[in-house]
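Numbering (this note's numbering), first residue to last: 5 to 133.
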């Protein structure tokens, strides 16, 4: 299963998460659901299934990137290392998941905000390429 690590703001230590774990953290575990932005649809967390993972090491390999820009002060636009392959781009600003076309815009590798970030802002991008 695809996994990545996130750095704790409190301890500075990294912890590894699977995509399912992240969905559970962001979703409503009581009602077993996660809502898409603008209420487009609701999905059951219990219906999660890995696509193209295969435990035998063969087949499709998923490529994930986790990027955390060091310098954010005064910047509005950030350039990802890769172009996201799917619409799934998780943008987290100061621990809050941002909404595409509302909080930020994506054009190719460029992620743009309508405001400048401060030096204290924590920004992270998680996506598949």
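Built from N, CA and C at the ideal position, the CB exists for glycine as well.
8 Å Cβ cutoff met for residue i and residue j
| i | j | result |
| --- | --- | --- |
| residue 118 | residue 78 | no |
| residue 76 | residue 125 | yes |
| residue 84 | residue 21 | no |
| residue 116 | residue 109 | yes |
| residue 1 | residue 26 | Since the first residue of the chain shown is 5 and the last is 133, residue 1 is not available in this structure. |
Limits of the beta strand (DSSP E) - the one that residue i falls within
| i | result |
| --- | --- |
| residue 84 | Careful: residue 84 lies outside any beta strand (DSSP E) and carries neither H nor E. |
| residue 103 | Neither: residue 103 is in no beta strand (DSSP E) and is coded neither H nor E. |
| residue 114 | 114 to 117 |
| residue 69 | 68 to 71 |
| residue 132 | 127 to 132 |
| residue 2 | For residue 2 there is no data in the structure shown, the boundaries of the chain being 5 and 133. |
Buried versus exposed, by CB contacts within 10 Å (16 or more), residue i
| i | result |
| --- | --- |
| residue 88 | buried |
| residue 46 | exposed |
| residue 131 | buried |
| residue 92 | exposed |
Spatial distance of residue i from residue j (CA atoms)
| i | j | result |
| --- | --- | --- |
| residue 86 | residue 37 | 30 Å |
| residue 65 | residue 80 | Note on residue 65: pLDDT 46, under 50, position unreliable in the model; no value is reported. |
| residue 70 | residue 48 | 25 Å |
| residue 61 | residue 67 | Reliability fails at residue 61, whose pLDDT of 43 lies under 50, so the model's placement of it is uncertain and the value that follows must be treated cautiously. Roughly 14 Å separates the two Cα atoms. |
| residue 16 | residue 9 | 12 Å |
| residue 11 | residue 96 | 12 Å |
| residue 44 | residue 111 | 22 Å |
| residue 104 | residue 31 | 18 Å |
| residue 113 | residue 14 | 30 Å |
| residue 74 | residue 51 | 36 Å |
| residue 100 | residue 133 | 22 Å |
| residue 59 | residue 23 | Because residue 59 carries a pLDDT of 44, less than 50, the predicted location of this residue cannot be relied on, and no value is offered for it. |
Residue i - containing alpha helix (DSSP H), residue span
| i | result |
| --- | --- |
| residue 29 | 23 to 30 |
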